[in-house]
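**Student:**
Numbering (our numbering), first residue to last: 1024 to 1165.
So, in structure tokens, the structure goes:
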């Protein structure tokens, strides 16, 4: 059985002293380490969120720049195509304006060649007709 004497007071004093010592040596430092770890985790989470927002912002800026670059490239391509079409049209118009003059020159050349061929054929046809007549008549015709 437990006897109630002065040793119980000593044990109570030892127990209370042990509680204070353990609190000072173990409990408070462990709580401090846990609080410090919790604060570092919260700071890391905040940093991760901030970096994630920054990455998302930079990615959206990048996408916007790419979109604008594509639009600019499309505009430049359309301008180049339009310029090429205008140049081709002007070249076609220039050639079309030259065609009547070329046709006129060609017609004049053909006319000259036809006239020259007619003159040659007339002179030769007279010679041939005289030769045929001489052969048919059997005598010379002059």
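Yeah, the Cβ is synthetic: ideal placement off N, Cα and C, and Gly gets one too.
Note that the coordinates shown come from a computational prediction; the quantities given were computed from them, not determined experimentally.
May I have the straight-line CA-CA distance separating residue 1067 from residue 1053, to the nearest angstrom?
**Tutor:** Cα-Cα distance, rounded: 21 Å.
**Student:** What did DSSP end up calling residue 1145 once you bin it into helix, strand or coil?
**Tutor:** DSSP places residue 1145 in helix when its eight states are reduced to three.
**Student:** So, with DSSP's three-state summary, where would you put residue 1122?
**Tutor:** In the structure shown, residue 1122 sits in a helix (DSSP, three-state: H, G or I).
**Student:** Apart from the five residues just before and just after residue 1153, which ones in its own chain have a Cβ nearer than 8 Å to its Cβ?
**Tutor:** 1164.
**Student:** When DSSP labels each residue in this structure, what does residue 1069 get in the three-state scheme?
**Tutor:** Note: residue 1069 maps to helix in three-state DSSP.
**Student:** Cα separation between residue 1071 and residue 1077?
**Tutor:** C-alpha separation (whole angstroms): 10 Å.
**Student:** Could you give the distance in angstroms between the alpha-carbon of residue 1090 and the alpha-carbon of residue 1059?
**Tutor:** Going from the Cα of residue 1090 to the Cα of residue 1059 covers about 46 Å.
**Student:** With respect to the alpha helix (DSSP H) encompassing residue 1045, which residues constitute its N-terminal and C-terminal limits?
**Tutor:** Counting along the chain, the alpha helix (DSSP H) containing residue 1045 begins and ends at 1029-1045.
**Student:** Spatial neighbours of residue 1055 within its chain, please: CB distance less than 6 Å, with the 5 preceding and 5 following residues excluded, ordered by chain position.
**Tutor:** Result list for residue 1055: empty, nothing under 6 Å.
**Student:** Roughly how many whole angstroms lie between the Cα atoms of residue 1135 and residue 1121?
**Tutor:** Straight-line Cα distance between these residues: approximately 21 Å.
**Student:** Does residue 1162 come out as helix, strand or coil in the three-state DSSP assignment?
**Tutor:** Note: residue 1162 maps to coil in three-state DSSP.
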